[in-house]
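Heads up, the thing below is written out as structure tokens.
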DNA sequence: CCAATTCGCAACAAGTTGTAGCGATACCGT
DNA sequence: ACGGTATCGCTACAACTTGTTGCGAATTGG
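Protein chains in written order, with the working numbering: chain A, 34 to 224; chain B, 34 to 224.
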């Protein structure tokens with residue numbers, strides 16, 4: 034009733050290899066042939082565990098993406114700036130803007146999409162917490178647009194990286210930080 | 034000294050067909066075989082004119098992307114809101130968020146990248162003009178972060194479309210509009 | 001010892017981008 | 001009129017992808 038057990042290491046090795054190749058070559062250049070070969074396995078071993086490349090990568094990100102630090106600097110502005118810094122570090126990595134290809138593939142796979150969206154949501158928790166702290170300190174009022182703040186902070190940085198020239202600059206981080214800070218400290222969204 | 038002339042229609046037909054397929058199926062599903070077939074030509078005809086798929090699409094966008102309207106509503110906020118509305122319309126088109134694949138391919142082709150960046154820069158002109166008008170009206174001071182404002186406005190909408198669920202809502206447009214407006218009307222970026 | 005399941009491996013299917021080659025066709029300058 | 005020249009229509013090929021199928025060998029539980 035139970036056959037040969039699945040090599041427990043193999044799954045880990047495949048994930049680790051995929052993460053390594055992903056971060057060095059980007060998503061589009063990542064091939065399952067490469068992953069399997071470098072993990073000392075066969076492409077079939079990959080397909081026995083993940084239905085497609087996009088699902089493998091979704092799991093890789095879920096496993097290896099470093100967690101978002103929760104800065105807790107004491108001020109809302111300090112926290113926001115820290116988040117911006119962290120995001121900029123990520124988007125300045127060349128492989129990361131190669132993730133656009135992953136996002137494209139994601140649209141064709143509902144399950145992988147759900148996995149990834151859960152990941153994104155989990156990773157925005159520190160920002161939500163930071164804002165909650167600021168509310169508790171009385172620094173700002175309740176924030177009705179809370180679910181959109183993450184987009185407001187990361188969006189400009191991502192956009193600038195995709196369409197613009199070189200790496201993100203400290204000045205740009207300042208601008209985006211102040212833009213969000215101003216929105217949150219305003220008395221209300223509409224004057 | 035001059036051979037058979039190039040069919041002047043063919044180039045147009047290929048561009049038009051590519052635009053049609055791009056807007057209905059998205060970038061990733063666009064194949065040059067399809068383009069050629071539907072334009073009544075052969076794949077070789079495409080390669081005789083464009084070195085690669087990404088360059089064809091860069092030219093297609095350059096040719097067919099509708100221009101950004103210049104609203105001139107009389108107030109900075111009105112203009113910003115109009116831009117946000119326009120951008121949301123574009124990003125709510127399903128094919129448009131398929132453009133992430135195009136952006137990915139763009140990284141591997143310097144020439145196409147330049148073409149596209151010139152396009153983006155041209156399309157941000159109305160926003161620059163709107164801000165200049167606001168400065169002339171005395172509504173706001175000079176804007177040092179001018180080249181980043183476009184990212185600030187479009188970034189959150191694009192990010193939200195890529196990572197979030199359904200289409201962009203009017204409330205989100207309000208938030209992003211006010212966020213930029215607040216930044217621009219502030220006395221200075223750093224308090 | 002037997003059934004079940006994975007593993008290692010080879011081969012295949014279908015699709016993509018991009019290249020090569022060739023006769024036929026149409027144009028330009030002389 | 002004619003020769004050079006470049007495009008056109010077409011076929012074929014190369015190299016690569018993702019994803020599937022099949023089968024003997026290995027390894028475990030019952």
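Cβ coordinates follow ideal geometry from the N, Cα and C atoms, glycine included.
Measuring only the C-alpha atoms, how far is residue 219 of chain B from residue 66 of chain A? So the alpha carbons of these two residues sit roughly 54 Å apart.
Please identify the residue among B:40, B:157, B:115 whose C-alpha is closest to the C-alpha of residue 179 of chain B. Of B:40, B:157, B:115, the residue nearest in Cα terms is B:157.
Partners in chain A for residue 133 of chain B, counting only beta-carbon separations shorter than 8 Å: By Cβ distance, chain A contributes 133, 134, 136, 137.
Cβ neighbours of residue 117 of chain B in the same chain (closer than 6 Å, five flanking residues each side left out): Setting aside the 5 residues that flank it on each side, residue 117 of chain B is surrounded in the same chain by 206, 209, 210, each with a C-beta closer than 6 Å to its C-beta; the list follows chain order.
Cutoff 8 Å: residue 212 of chain A Cβ touching any chain B Cβ: By this cut-off, residue 212 of chain A is an interface position.
State yes or no: is the beta carbon of residue 215 of chain B nearer than 8 Å to at least one beta carbon in chain A? Residue 215 of chain B counts as touching chain A.
Contact check, residue 163 of chain B vs residue 119 of chain B under 8 Å by CB: the rounded distance? Their Cβ separation, rounded to whole angstroms, is 12 Å, which puts residue 163 of chain B and residue 119 of chain B out of contact at 8 Å.
Considering Cα atoms alone, identify which of B:86, B:81, B:114, B:49 is closest to residue 146 of chain B. Comparing alpha carbon positions, the residue from B:86, B:81, B:114, B:49 closest to residue 146 of chain B is B:86.
List, in chain order, every chain A residue whose beta-carbon is nearer than 9 Å to that of residue 18 of chain B. What is shown of chain B runs 34 to 224, which leaves residue 18 of chain B out entirely.
Applying the criterion that 16 or more other CB atoms from any shown protein chain within 10 Å of the CB defines a buried residue, is residue 223 of chain A buried or exposed? At residue 223 of chain A, the pLDDT of 42 sits below 50, so the modelled position is not reliable; the number obtained from the coordinates is stated separately. Looking at its Cβ environment, which holds fewer than 16 other Cβ atoms inside 10 Å, residue 223 of chain A is exposed.
Identify, in the order they occur along the chain, each residue of the same chain with its Cβ nearer than 8 Å to the Cβ of residue 47 of chain B, setting aside the five sequence neighbours on each side. Answer for residue 47 of chain B: 68, 69, 72, 74, 78, 79, 82, 89, listed in chain order.
List the endpoints of the continuous alpha helix (DSSP H) containing residue 143 of chain B. Unbroken alpha helix (DSSP H) run through residue 143 of chain B: 143 to 156.
Buried or exposed for residue 35 of chain B, please, with buried defined as at least 16 other CB atoms from any protein chain shown within 10 angstroms of its CB. Answer is exposed; the Cβ neighbour count stays below 16.
Return helix, strand or coil for residue 44 of chain B, following the three-state DSSP convention. Here DSSP, grouped into helix, strand and coil, assigns residue 44 of chain B to helix.
Apply the 10 Å Cβ neighbour rule to residue 50 of chain A and answer buried if 16 or more other Cβ atoms are within range, or exposed otherwise. By the neighbour-count criterion, in which 16 or more other beta carbons inside 10 Å mark a residue as buried, residue 50 of chain A falls on the buried side.
Flag residue 205 of chain B as yes if its beta-carbon sits less than 8 Å from any beta-carbon of chain A, otherwise no. Judged by the 8 Å Cβ criterion, residue 205 of chain B is in contact with chain A.
Does any residue of chain B bring its CB to less than 8 Å from the CB of residue 116 of chain A? By this cut-off, residue 116 of chain A is not an interface position.
Counting only Cβ pairs nearer than 7 Å, list the residues of chain A close to residue 219 of chain B. Correct list: 215.
Excluding the five sequence neighbours on either side, which residues of its own chain have a C-beta within less than 7 Å of the C-beta of residue 189 of chain A, listed in chain order? Result list for residue 189 of chain A: 209, in chain order.
Here's the rule I'm using: 16 or more other beta-carbon atoms within 10 Å means buried, otherwise exposed. How should residue 159 of chain B be labelled? Residue 159 of chain B should be labelled buried.
Less than 8 Å separating the beta-carbons of residue 97 of chain B and residue 52 of chain B? Yes, the Cβ-Cβ distance between residue 97 of chain B and residue 52 of chain B is below 8 Å.
Within 10 angstroms of its Cβ, does residue 194 of chain B collect 16 or more other Cβ (buried), or is it exposed? Its Cβ being crowded by 16 or more others within 10 Å, residue 194 of chain B is buried.
Are there 16 or more other CB atoms within 10 angstroms of the CB of residue 84 of chain B, so buried, or fewer, so exposed? Answer is exposed; the Cβ neighbour count stays below 16.
Would a C-beta distance cut-off of 8 Å place residue 55 of chain A and residue 43 of chain A closer than the cut-off? Contact flag unset, no.
Could you check whether residue 40 of chain A and residue 137 of chain B sit closer than 8 Å to each other, using their CB atoms as the reference points? Cβ distance not < 8 Å, so residue 137 of chain B and residue 40 of chain A don't count as in contact.
At a Cβ threshold of 8 Å, is residue 161 of chain B touching chain A? False, the Cβ-Cβ gap to chain A never drops below 8 Å.
May I ask which residues mark the beginning and end of the alpha helix (DSSP H) holding residue 192 of chain A? Unbroken alpha helix (DSSP H) run through residue 192 of chain A: 179 to 196.
Which chain B residues sit within Cβ distance under 9 Å of residue 150 of chain A? Within chain B, the residues near residue 150 of chain A are 196, 197, 198.
Could you check how far apart the C-beta atoms of residue 201 of chain B and residue 121 of chain B are, in whole angstroms? I think they sit under 8 Å. The beta-carbon separation of residue 201 of chain B and residue 121 of chain B, rounded to 4 Å, stays under the 8 Å limit for a contact.
Check whether the Cβ atoms of residue 139 of chain B and residue 94 of chain B lie closer than 8 Å to each other. No, the Cβ-Cβ distance between residue 139 of chain B and residue 94 of chain B is not below 8 Å.
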